[in-house]
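Below: the structure, in structure tokens.
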Amino acid sequence: MTTVRITPRAAAVVSRVRSERTGPLTFTIDGGCCEGTAPHLFEHTVLTSGAEKVGEVEGVPVYLQPAMVPLYAAAEVTIDVIEEPISDALSLETEYGLRFVLRERPGGSTR
Amino acid sequence: MKEFGLFINGQWEAAKGGKTAPTINPATEEPWATVAVGDREDVRRAVAAAMKAHDSGVWRNKSPQERGEILQRVASAVFDRLDELAAAEAQDGGGTLRKAMSMDVPGTAATFMHFGQYICGDEYQAMLQEEYDEVMPIPSKNLVVREPIGVCAGITPWNFPIIMAAWKIAPALAAGNCVVIKPASVTPVTTLMLADICTQAGVPAGVVNVVNGPGGTVGEELAAHPDIGKVAFTGSTEIGRRIMQLGAGTVKKVTLELGGKSPNIILPDANLDTAALGALFGTFLHQGQICESGTRVLVHESIHDAFMEKMIAGIQRIQIGDTMDMATTLGPLVNAAQRDTVEKYVALGHEQGAKCVAGGRRPTEMPKGYYYTPTIFDEVDNRMRIAQEEIFGPVVSVIRYRDEDEAVRIANDSVYGLGGAVWSANKDHAVAIARRIETGTVWINDYHMINLRFPFGGYKQSGVGRELGKWGLAEYHQIKHIHVGENTPPEGKVYLQLLLN
């Protein structure tokens, strides 16, 4: 089963986004192209059929897009945040010069 | 340090909020230019300028020949500034100067030249207006005409900044549209320079606008703005999905060119020397930061060992080094986060049991810069994460297959469907296999040979719509059917009987 956690500093960013937005927030995890697999925080998003809820961080549900579900079945992932003066992801934290990233412990190793 | 503003309505402008950000040279990890960072208000200004230019008719009312000549002038102007643009491209994104001089900048000029010439030709005239005479259900002449959409947004990635900008701007302008481009935030410089070049070459003010800024504000505003008629996006699948959602509000036309995990199939009768080098080219060009890279090399078991020997030996011919040295063929990754991602997947490859036979580390000879060695994993199972997730770095997975059915099954076992290749002495047989592969492009005995005359885009979650060629140009048009009926007395309109006795 996929385990999702969030670092305190990333949690603080989620709180900040929540205080400035009015709509429901959702984290989705999917990949592709220049960003690779990454967490995205969206307001009023439409979930893909087959997306699986794998946890909740700071009251925000976290979903894996369908293709990621089997790949991350045993993964322990942590949503962290890095400084990125401007990021192209349409994820909400990019407004503050920040970007959520996915850290993980595949089979026990740490990154 | 060089400074760049936003490019709005034919002029350099500061961002309304006054923000700027440095852009980092990935080879030195040092800032080399400062660029204005826009917000939603800057997008609104740029869209208003584009809308005004569109409504005025200053661009769309020009004949295709007039527009085509201006686009060809842009192509010449890009070539005139080859050295300057190539140096900027290499410093901004970490690509080699060798690639920028021979591919990025000439490819940009060629894109403008191609579309500029195409719209001056007969084939485009025929596409702009088709005529059909009909007798049923009522006699009529029928015109099918193509018109510009209006204001189109282009959102581009950091791997090929100037070419990606050209792929968005040139066909949009050819079709008579105005554009607002959001370049990738880590590589905005050459797109801004290109907009300036367009204006100097005679593209009227307001037709090409560039707003640099974060995806969460500038990107979202562009994707949702009611005056934008079309969004063309190149980037990640998850952001592509979000752009479709945001465009749904005003039912925008959307073209998306997204992720890939493309299969590169080596048949037993292939020229193994060429196929091995082609596999290296297909995965390590631009440090593997190409969406249609052939990151899954499928090798028939009978040739596996010989092929691997040649592929590993070929790595010696890849020269890591200073991006500004023309001898260098492999530069750094775009930033530290991208190298972190590569390192994570290399660790995952080891943990899931793949065998690292080359690379797998940072190069000791390059202490500065986000460099990573070309890395080959052998004995990969297609369900491993390194074979399913896009790494976007110099990491290739080699997978064995026993027969062609298995090769095709593995090739298609991916949510993506962007590119791929088949290497074989029997071209007809290779084409038959290519037809079974669920991707938008398949090369036979070549790789990365994207051609401006032919469509490029993805099956499945690799995208929607096509770029390039007449198929890509068609995406920048509205299609209108005009029915021209006869001016007859009422008896001539038999359909009236459906309602009237």
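Protein chains in written order, with this note's numbering: chain A, 3 to 113; chain B, 7 to 507.
Beta carbons are placed, not taken as given, at the ideal position from N, Cα and C, and that holds for glycine.
{"Check": "Helix, strand or coil at valine 404/B [DSSP, three-state]", "Outcome": "strand"}
{"Check": "Counterpart residues of glutamine 17/B in DSSP-defined beta bridges", "Outcome": "Ile14/B"}
{"Check": "Opposing strand residues paired with valine 303/B [DSSP bridges]", "Outcome": "Asn270/B, Val404/B"}
{"Check": "Among Tyr74/A, Pro63/A, Gly99/A, the one whose alpha carbon lies nearest that of arginine 105/A", "Outcome": "Tyr74/A"}
{"Check": "Any C-beta of chain B under 8 Å from that of glutamate 60/A", "Outcome": "no"}
{"Check": "Minimum Cβ-Cβ distance from cysteine 297/B to chain A less than 8 Å", "Outcome": "yes"}
{"Check": "Inter-stretch contact (C-beta, 8 Å, three-pair minimum) for the stretch 335-345 of chain B and the stretch 18-27 of chain B", "Outcome": "no"}
{"Check": "Identified DSSP bridge partners for alanine 180/B", "Outcome": "According to DSSP, which records beta bridges pairwise, alanine 180/B is partnered with nothing at all."}
{"Check": "Simplified DSSP state of leucine 339/B, which is helix, strand or coil", "Outcome": "coil"}
{"Check": "Outcome for histidine 489/B when other beta-carbon atoms lying within 10 angstroms are tallied against a minimum of 16", "Outcome": "exposed"}
{"Check": "Limits of the unbroken alpha helix (DSSP H) element including lysine 459/B", "Outcome": "Residue identity check: residue 459/B is arginine in the sequence provided, not lysine. It is not in any alpha helix (DSSP H) - arginine 459/B carries neither H nor E in the DSSP assignment."}
{"Check": "8 Å Cβ shell around valine 185/B - same chain, five flanking residues per side excluded", "Outcome": "Ala56, Val157, Cys158, Ala159, Gly160, Lys174, Ile175, Ala178, Leu179, Val213, Val214, Asn215"}
{"Check": "Identity of the residue in Leu12/B, Asp452/B, Phe460/B nearest methionine 199/B by Cα", "Outcome": "Leu12/B"}
{"Check": "Chain-order list of residues whose beta-carbon lies under 6 Å from that of asparagine 15/B (same chain, five-residue window excluded)", "Outcome": "Ala55, Ala211, Gly212"}
{"Check": "Whole-angstrom distance between leucine 94/A and threonine 347/B, CA atom to CA atom", "Outcome": "21 Å"}
{"Check": "Contact check, alanine 94/B vs valine 195/B, beta carbons under 8 Å", "Outcome": "yes"}
{"Check": "Ranges of the beta strand (DSSP E) found wholly within the stretch 89-149 of chain B, counting only runs of at least 3", "Outcome": "135-140"}
{"Check": "Glutamate 78/A in three-state terms, based on DSSP", "Outcome": "strand"}
{"Check": "Limits of the beta strand (DSSP E) - the one that aspartate 384/B falls within", "Outcome": "381-384"}
{"Check": "Closer than 8 Å at the beta carbon, the chain A residues around tryptophan 2/B", "Outcome": "Summary: the structure shown does not reach residue 2/B, with chain B confined to residues 7 through 507, and so no result is reported for it."}
{"Check": "Residue-chain proximity (isoleucine 245/B, chain A), Cβ-Cβ < 8 Å", "Outcome": "yes"}
{"Check": "Buried/exposed call for threonine 256/B, threshold 16 Cβ in 10 Å", "Outcome": "exposed"}
{"Check": "Proximity winner among Val64/A, Ala53/A, Phe44/A, relative to threonine 223/B (alpha-carbon distances)", "Outcome": "Phe44/A"}
{"Check": "Per-residue burial, asparagine 218/B [other beta carbons within 10 Å of its own, 16 or more giving buried]", "Outcome": "buried"}
{"Check": "Runs of beta strand (DSSP E) wholly within the stretch 33-106 of chain A (minimum 3 residues, chain order)", "Outcome": "40-45, 54-59, 62-66, 78-85, 100-106"}
{"Check": "Three-state secondary structure assigned by DSSP to glycine 478/B", "Outcome": "helix"}
{"Check": "Among Thr50/A, Gly33/A, Leu66/A, Val48/A, nearest to valine 56/A - alpha-carbon criterion", "Outcome": "Leu66/A"}
{"Check": "Short-range partners of chain E found in the stretch 155-180 of chain B, where Cβ spacing is below 7 Å", "Outcome": "Given the protein chain composition of this structure (A and B), no chain E is represented."}
{"Check": "Three-state class that DSSP yields for glutamine 467/B in the structure shown", "Outcome": "coil"}
{"Check": "Cβ pair threonine 117/B, alanine 83/B closer than 8 Å", "Outcome": "no"}
{"Check": "Same chain only: Cβ atoms within 8 Å of isoleucine 203/B, ignoring 5 sequence neighbours per side", "Outcome": "Val80, Ala83, Val84, Arg87"}
{"Check": "Closer than 7 Å at the beta carbon, the chain B residues around serine 17/A", "Outcome": "The contacting residues do not exist; serine 17/A stays about 16 Å from chain B at best."}
{"Check": "CA nearest to the CA of proline 70/B, picked from Gly253/B, Gly182/B, Gln293/B", "Outcome": "Gly182/B"}
{"Check": "Cβ separation of alanine 190/B and proline 163/B, assumed to be a contact under 8 Å, to the nearest whole Å", "Outcome": "5 Å"}
{"Check": "Contacting positions in the stretch 57-89 of chain A - beta carbon closer than 9 Å to chain B", "Outcome": "Gln67, Pro68, Ala69, Met70, Pro72, Leu73, Tyr74, Ala77, Ile84, Glu86, Pro87, Ile88, Ser89"}
{"Check": "Residue closest to threonine 28/A, alpha-carbon to alpha-carbon, out of Pro87/A, Gly61/A, Glu37/A", "Outcome": "Gly61/A"}
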